[in-house]
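Only one structure is covered here, and it is reproduced in the block below.
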Ligand SMILES: [Zn+2]
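Written out as structure tokens, the structure is:
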């Protein structure tokens, strides 16, 4: 399947190169914002169809995603697979299924994210699904920035685009050292 290219992300305004101060406070030469890519429903739908096609061999019975980031893409993957979609939320720090959502015992569950970085939140969702008696059969994401081909081995994992996003604390940032002005993503130099 075709996947998504950096050019697609750039055209959507969802990928920028320069010198950015991320919300974490770290500096980076790259900025990715999946929400901007998904802002166009047709793009979200197509991304969901592609991920679904790559993972449907897992005989998925439900898709579960962590809110907020995974909700739009998870819903689109579930739509393409014709299965229910549930999302998890953090309650007092712990990942939980609220709103009456429940994983049926034995369900074959696909966990879908927007971006996999360390895979930490994905693993929390996987643990929650297993605790409820579900069987995690795979993981899908739009972006893989883990630096690994599959951080969830032996489970199948598919991402539509692999991107490295280097980050540094300001004091170790080579772009600061080179005197390049830093901008907050979403604003342009000189903009309020
Ligand atoms: Zn910097």
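In our numbering, the protein residues as written are 1365 to 1556.
Just so it is clear, CB atoms sit at the ideal spot from N, CA and C, and this is done for glycine as well.
Cα-Cα separation, residue i to residue j
i: residue 1544; j: residue 1398; result: 26 Å
i: residue 1380; j: residue 1451; result: 29 Å
i: residue 1384; j: residue 1469; result: 45 Å
i: residue 1453; j: residue 1481; result: 18 Å
i: residue 1556; j: residue 1378; result: Here residue 1556 scores only 40 on pLDDT, less than 50, and its place in the model should not be relied on; the value that follows carries that caveat. Answer to the nearest angstrom: the Cα atoms are 20 Å apart.
i: residue 1456; j: residue 1548; result: 29 Å
i: residue 1460; j: residue 1496; result: 11 Å
i: residue 1382; j: residue 1435; result: 29 Å
Bounding residues of the beta strand (DSSP E) (the contiguous stretch that carries residue i)
i: residue 1485; result: Residue 1485 -> not in any beta strand (DSSP E); alpha helix (DSSP H) instead, spanning 1484-1495.
i: residue 1393; result: 1391-1396
i: residue 1501; result: 1499-1508
i: residue 1526; result: 1521-1526
i: residue 1513; result: Segment: none, residue 1513 is in no beta strand (DSSP E) and carries neither H nor E.
Close beta carbons around residue i, own chain, < 7 Å, minus the five adjacent residues each side
i: residue 1536; result: none
i: residue 1524; result: 1367, 1368, 1411, 1414, 1415 and 1506
i: residue 1490; result: 1475 and 1500
i: residue 1465; result: 1450
i: residue 1534; result: 1391 and 1540
Contacting residues, own chain, Cβ-Cβ under 6 Å from residue i (five flanking each side not counted)
i: residue 1433; result: 1478
i: residue 1512; result: none
i: residue 1440; result: 1408, 1409 and 1412
i: residue 1498; result: 1467, 1471 and 1473
Exposed unless 16 or more other CB atoms sit within 10 angstroms - verdict on residue i
i: residue 1471; result: buried
i: residue 1438; result: buried
i: residue 1486; result: buried
i: residue 1418; result: buried
i: residue 1421; result: exposed
i: residue 1463; result: exposed
i: residue 1429; result: buried
i: residue 1542; result: exposed
i: residue 1494; result: exposed
i: residue 1444; result: buried
First through last residue of the alpha helix (DSSP H) which encompasses residue i
i: residue 1463; result: Segment: none, residue 1463 is in no alpha helix (DSSP H) and carries neither H nor E.
i: residue 1415; result: 1405-1419
i: residue 1533; result: Residue 1533 -> no alpha helix (DSSP H), and no H or E assigned at all.
i: residue 1441; result: 1435-1445
Beta-carbon gap between residue i and residue j smaller than 8 Å
i: residue 1527; j: residue 1391; result: no
i: residue 1386; j: residue 1424; result: no
i: residue 1522; j: residue 1483; result: no
i: residue 1448; j: residue 1426; result: yes
i: residue 1395; j: residue 1373; result: no
i: residue 1516; j: residue 1529; result: no
i: residue 1376; j: residue 1404; result: yes
Contact set for residue i: own chain, Cβ-Cβ below 8 Å, skip 5 residues either direction
i: residue 1538; result: 1532
i: residue 1393; result: 1381, 1382, 1383, 1384, 1530 and 1539
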